Amino acid sequence: MYDPEGKALRRRIERRYLQQLVTGCGKGWCMNEYCKSGRQHLGLQDTITTKDALPMIKPFLDGLNHGQDHTPLHFCVDEKSQKQRAVAMMLAAESGFGGKDAGYSFEWCLGALEAEAGDLDAARVWLKNWAPTKGEIKG
């Protein structure tokens, strides 16, 4: 499909968000706050109407409309990816104890886990050898 302006893609993203928020993915392990199933598991308001969902997803759609490359997308993923993301968050949090410029950003921690097939110890070594610390990025 020829879509040079990305309008069709943005419509598909909007539909996907609405489907997730209104009907959910149905996965028992989902912890996505932008999914009805995940919201139930997190103890958040689980019944969301389309009217309620539109303002929730508007900032993400606006980011896409304005060409912002760092707009996060919150789609449901497989269980392995979700667990890996949770471990990466913990790894990023634990690596920041040496001060605000110490440690590694979440993205680098996730990349290390992906590179090392989820092995936490190997990911720590990978980060030490290959990833810039937060202080080096600001440099």
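Going by our numbering, the letters in the sequence shown line up with residues -16 to 122, in that order. Even glycine gets a Cβ: it sits at the ideal position worked out from N, Cα and C. A quick note: this is a predicted structure, and the numbers were derived from the prediction, not measured.
Give the list of continuous alpha helix (DSSP H) stretches no shorter than 4 residues that lie fully inside the segment 59 to 122.
If we require 4 residues or more, the alpha helix (DSSP H) runs fully inside the segment 59 to 122 come out as 62 to 77, 89 to 98, 103 to 113, 117 to 121.
Buried or exposed, going by whether 16 or more other CB atoms sit within 10 Å of the CB of Ile40?
Buried is the call here.
Just to confirm, are Thr33 and Lys19 a CB contact at a threshold of 8 Å?
no
CA-CA distance, Cys13 and Ile120?
Per the coordinates, the alpha-carbon of Cys13 lies some 33 Å from the alpha-carbon of Ile120.
Within 8 Å of any Cβ in chain B, is that where the Cβ of Tyr0 sits?
Within the model displayed, chain B is absent; a lone protein chain is all it includes.
Inspect the beta-carbon positions of Arg(-6) and Phe58 and report whether they are closer than 8 Å.
no
Could you tell me the boundaries of the alpha helix (DSSP H) in which His57 lies?
From DSSP, His57 is part of no alpha helix (DSSP H); its letter is neither H nor E.
Sorted by chain position, which residues of the same chain lie with C-beta nearer than 8 Å to Ile(-4)'s C-beta, five sequence neighbours on each side aside?
Phe43, Leu44, Leu47, Leu56
The alpha helix (DSSP H) that contains Met39, what's its start and end?
33 to 48
Could you check the C-alpha separation between Gln51 and Gly(-11) for me, to the nearest Å?
13 Å
Roughly how many angstroms separate the alpha carbons of Arg68 and Met(-16), rounded to a whole number?
32 Å
Do you know how far the Cα of Gly21 is from the Cα of Asn90?
A small fix is needed here, since residue 90 is Glu in this sequence, not Asn. Approximately 22 Å between the Cα atoms of the pair.
Under DSSP, the alpha helix (DSSP H) around Glu(-3) begins and ends at which residues?
-10 to 6
Let me know the secondary structure DSSP gives Gln23 once reduced to three states.
helix
For Asn15, count neighbouring C-beta atoms within 10 Å of its own C-beta (all shown protein chains included) and say buried if the count is 16 or more, exposed if not.
buried
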